[in-house]
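Participant: Residue numbers (our numbering), protein chains in the order written: chain A, 1 to 424; chain Z, 1001 to 1424. Built from N, CA and C at the ideal position, the CB exists for glycine as well.
Next comes the structure, spelled out in structure tokens:
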């Protein structure tokens, strides 16, 4: 670590203390970013294949200009009327299926899931939630309760049940939809046996923290039907897959040919401007507002609306959904070619659009997870100026989710660098 | 309502639905704001004595410039190192007493209180919280549990106890500190009798939603001592009084000569940029991070740091703390003069700095609250182009908390307009 970085780490320890968690064996001091590139204080440029928040590219000029313009004109809250929030709300809701026609703005994905759970509880009169067993849905007290990945090794709260992630690599099946639905039904039965009942099935539709499970889609339909039959709701957490990342549509749930009751939004919504949202229906919101109501001071402010509107415009004008499909497909093909070319430690390459997982195993036959190799690859790629992270309960799956402007050329650089790291 | 406003209300109903709550009998369509002024679509200018979020003035050019510059250069998260967040953290922590030397960044005051409660629970091993009986601390599930004002008429959850607000107008006493501490002790005893114990006393140090209770300060010390003796923590919610508003210091708790264990920040921190924070100590954070850890995607991002740093600079360079003391003192004197000059319906004028309450009563002897007059005054002032709201469990207290650049001349306009409204 150079003196500059060491000094920053020391200042950080002094002001942040125990909550400080830094990436990489040698933390990096960043000073600027643009598109898929991040630049450090020593002038080095890194290819960013990690950050899904700056989804239309770091510091996209149209988003920056929209924020600057609106911040200088009006920044207030939704107890007054202003035009831009409704222009944005209308544009956003146009991307959803019929019936999902109301939006409530928040500031983060965590606030969105916290609110969605309260809406589901009020609407169903039940308290139980079903999630996957390494899910992450956010950081509030209520949302941490439904985030098993935040409490490894600890028992779940009484109102939460976890089902296995839809993993056909470690547990092959010809009927993933049926198996997933059967496990959800067991969870429903268990919640009902305890007198809790099911308020909702809450899943990230690309199963990011579980290890990225996209296929064979559709596989969520029967599980959703089981939850509906038990009087519960389906909450699609689109904080990670949403806004075009999966390449086939704006929303990850669309790959599964189901219509959620509630959809939660966050991370890429404002390309880094703090904003989130809950999309749902009038009947559900009515049950909730009768019991308590909701107002969010910063939620839906005009600057957030300007940022969000610019993001929607850039996704459309730059054709980023189709681009994510193409670049993601190309990347997966190149990664599979690398695996087949003398790299059996790459056990699986999977994903949709520009959300791609590369699973490392110690042995292609036993498929035993290899988190050590993932750690070495992450730090080795960092030295080669490629930024990447890991997912999955074992931390052995490379998590590839770059800004959506990531190109085939960027994919070539990533695969080339990975090949070099794996050949050391 | 004109056609333009009616059309916006209709669009709003269609996109927001039941969660839509608008101010005033005739909602207002705002298009721009600057300093203490908000401008509507019909070109009218309103004096804003309501909004405490744009605390250094609506669209302050230094804050806008800082946001625009940083948004164009780098906007990422705290798992990388960058300079500005630590410059900001250091500047912020300098304003706190010794011992309060760690900050954790969030995006909203709600997230701050949610996190503070989790830190207190982890550090004390207890679950109970004590709040005032019309407190509002935010909108997450956990924080709504400790916000009696969000659940009027409903029973509190088993782990929450409410004490009376420190109100010497309706319940005079020569020993407010002793009375408040005795009620807190009763709440502690009740939580302990139920086997819950006290994790924390959580109060807004200006008691905003309770009806604004500032004096006779100091009065919190004995209550805090009682909570400490029972193994609990004192959490000062500075979302409303903080950042100089009370006129005597940066933080409302300083008027009470106590040092909190945890301080929560929000609303004015970024002059409208969504950001919040929790200030506490290493020993408390260690207990919490051992149990679960915390990461907030948008919390502490470089743009938030730039906005927060600009706010601190403006408060200092424009002398806004001393200004709040002077303008607030002048305003209270003028309001008291108005009350004494044939307006016995103004039962009380109170507050600190630029957080001022004007309590309306039906009769100065019985001090019976008059929420109808407060409603008439709010809508009457709106017609006279002055924006104001109400607080208190009866909604009969005018809540005056303008941007801190509010001047004596602005105070004159407010009092003149109020006199006209009360004389109709």
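Give the list of continuous beta strand (DSSP E) stretches no shorter than 3 residues that lie fully inside the segment 1302-1388 of chain Z.
Facilitator: Within the segment 1302-1388 of chain Z, the complete beta strand (DSSP E) segments of 3 residues or longer fall at 1346-1352, 1355-1360, listed in chain order.
Participant: Go through its chain and collect everything with a Cβ distance to residue 309 of chain A's Cβ below 6 Å, but skip five positions before and after it.
Facilitator: 88
Participant: Which residues in chain Z have a C-beta closer than 9 Å to the C-beta of residue 90 of chain A? List them in chain order.
Facilitator: 1011, 1014, 1015
Participant: Just to confirm, is the Cβ distance from residue 1034 of chain Z to residue 1058 of chain Z under 8 Å?
Facilitator: yes
Participant: Just to confirm before moving on: does the CB-CB distance between residue 335 of chain A and residue 415 of chain A stay below 8 Å?
Facilitator: yes
Participant: Give the secondary structure of residue 19 of chain A by DSSP, where H, G and I count as helix, E and B as strand, and everything else as coil.
Facilitator: helix
Participant: Starting from the Cα of residue 420 of chain A, find the closest Cα among A:342, A:69, A:371 and give me that residue.
Facilitator: Nearest in C-alpha terms to residue 420 of chain A, of all of A:342, A:69, A:371, is A:342.
Participant: Please decide whether residue 150 of chain A counts as near chain Z, where near means a Cβ-Cβ distance under 8 Å.
Facilitator: yes
Participant: Taking the runs of the beta strand (DSSP E) that are 3 residues or longer, which of them lie wholly in the segment 106-150 of chain A?
Facilitator: 128-132
Participant: Suppose contacts are defined by Cβ-Cβ distances below 8 Å. Is residue 1255 of chain Z in contact with residue 1218 of chain Z by that definition?
Facilitator: yes
Participant: List the DSSP bridge partners of residue 397 of chain A.
Facilitator: A:359, A:391
Participant: Is there a Cβ of chain A sitting closer than 8 Å to that of residue 1205 of chain Z, yes or no?
Facilitator: no
Participant: Check residue 1269 of chain Z in the structure and name its three-state DSSP category.
Facilitator: helix
Participant: For the segment 64-98 of chain A, which residues have a CB atom closer than 8 Å to at least one CB atom of chain Z, in sequence order?
Facilitator: 64, 67, 68, 71, 72, 73, 74, 75, 76, 77, 78, 79, 80, 81, 82, 83, 86, 89, 90, 93
Participant: Three-state secondary structure (DSSP) at residue 88 of chain A?
Facilitator: helix
Participant: Between the segment 42-61 of chain A and chain Z, which residues of the former have CB atoms less than 8 Å from a CB of the latter, in chain order?
Facilitator: Contact residues of the segment 42-61 of chain A toward chain Z are 51, 53, 54, 58, 59, 61 (C-beta to C-beta distance below 8 Å).
Participant: Please return the same chain residues whose Cβ sits closer than 6 Å to the Cβ of residue 991 of chain Z, not counting the five positions on each side in sequence.
Facilitator: Look at the range of chain Z in this structure, 1001 to 1424, and you will see that residue 991 of chain Z is not part of it.
Participant: For residue 143 of chain A, I'd like the list of residues in its chain whose CB is within less than 6 Å of its CB, leaving aside the five on either flank, ordered along the chain.
Facilitator: 110, 113, 114, 137
Participant: Could you work out which residues of chain Z lie near residue 117 of chain A, taking near to mean beta carbons separated by less than 9 Å?
Facilitator: What residue 117 of chain A touches in chain Z: 1141.
Participant: Any C-beta of chain Z sitting closer than 8 Å to the C-beta of residue 264 of chain A?
Facilitator: no
Participant: For a contact defined as C-beta to C-beta under 9 Å, what are the partners of residue 1008 of chain Z on chain A?
Facilitator: 81, 82, 83, 86
Participant: Should residue 32 of chain A be flagged as near chain Z, meaning a C-beta pair shorter than 8 Å?
Facilitator: At least one chain Z Cβ lies under 8 Å of residue 32 of chain A.
Participant: Distance, Cα to Cα, residue 374 of chain A vs residue 412 of chain A?
Facilitator: Note on geometry: alpha-carbon atoms of residue 374 of chain A and residue 412 of chain A lie some 20 Å from one another.
Participant: With a cut-off of 8 Å, does the C-beta of residue 102 of chain A fall near any C-beta of chain Z?
Facilitator: Yes, because at least one Cβ of chain Z sits closer than 8 Å to the Cβ of residue 102 of chain A.
Participant: State yes or no: is the beta carbon of residue 272 of chain A nearer than 8 Å to at least one beta carbon in chain Z?
Facilitator: yes
Participant: Assess contact between the segment 285-298 of chain A and the segment 253-267 of chain A, defined as three or more Cβ pairs (one per stretch) separated by less than 8 Å. Is contact present?
Facilitator: Output reads no: the segment 253-267 of chain A does not touch the segment 285-298 of chain A.
Participant: To be precise: take each residue of the segment 1274-1290 of chain Z, compare its Cβ to all Cβ atoms of chain A, and keep it if any distance is under 7 Å. Which residues remain?
Facilitator: From the segment 1274-1290 of chain Z, only 1274, 1282, 1285, 1286, 1289 have a Cβ closer than 7 Å to chain A.
Participant: So with Cβ pairs under 8 Å, would you call residue 1267 of chain Z a contact of chain A?
Facilitator: yes
Participant: Report, in whole angstroms, the separation of the C-beta atoms of residue 389 of chain A and residue 324 of chain A, which I expect to be a contact under 8 Å.
Facilitator: Not quite, the Cβ-Cβ distance comes to about 19 Å (not below 8 Å), so this is no contact.
Participant: Output yes if chain Z places a C-beta closer than 8 Å to the C-beta of residue 355 of chain A; else output no.
Facilitator: The C-beta of residue 355 of chain A comes no closer than 8 Å to any C-beta of chain Z.
Participant: State the CB to CB distance for the pair residue 1040 of chain Z and residue 1029 of chain Z, rounded to an integer number of angstroms; the pair is presumed to be in contact (CB under 8 Å).
Facilitator: 6 Å
Participant: For residue 1074 of chain Z, which option in A:75, A:275, A:63 has the closest C-alpha, if you only look at C-alpha atoms?
Facilitator: A:63
Participant: Compare the C-beta of residue 21 of chain A with all C-beta atoms of chain Z and state if any pair is closer than 8 Å.
Facilitator: Closer than 8 Å to some Cβ of chain Z, the Cβ of residue 21 of chain A qualifies, so yes.
Participant: Nearest by alpha-carbon distance to residue 17 of chain A: which of Z:1078, Z:1056, Z:1183 is it?
Facilitator: Closest by alpha carbon: Z:1078.
Participant: Quick one: grab the DSSP three-state call for residue 1250 of chain Z.
Facilitator: coil
Participant: Please list, in chain order, the chain A residues whose beta carbon lies closer than 9 Å to that of residue 1295 of chain Z.
Facilitator: 19, 21, 139
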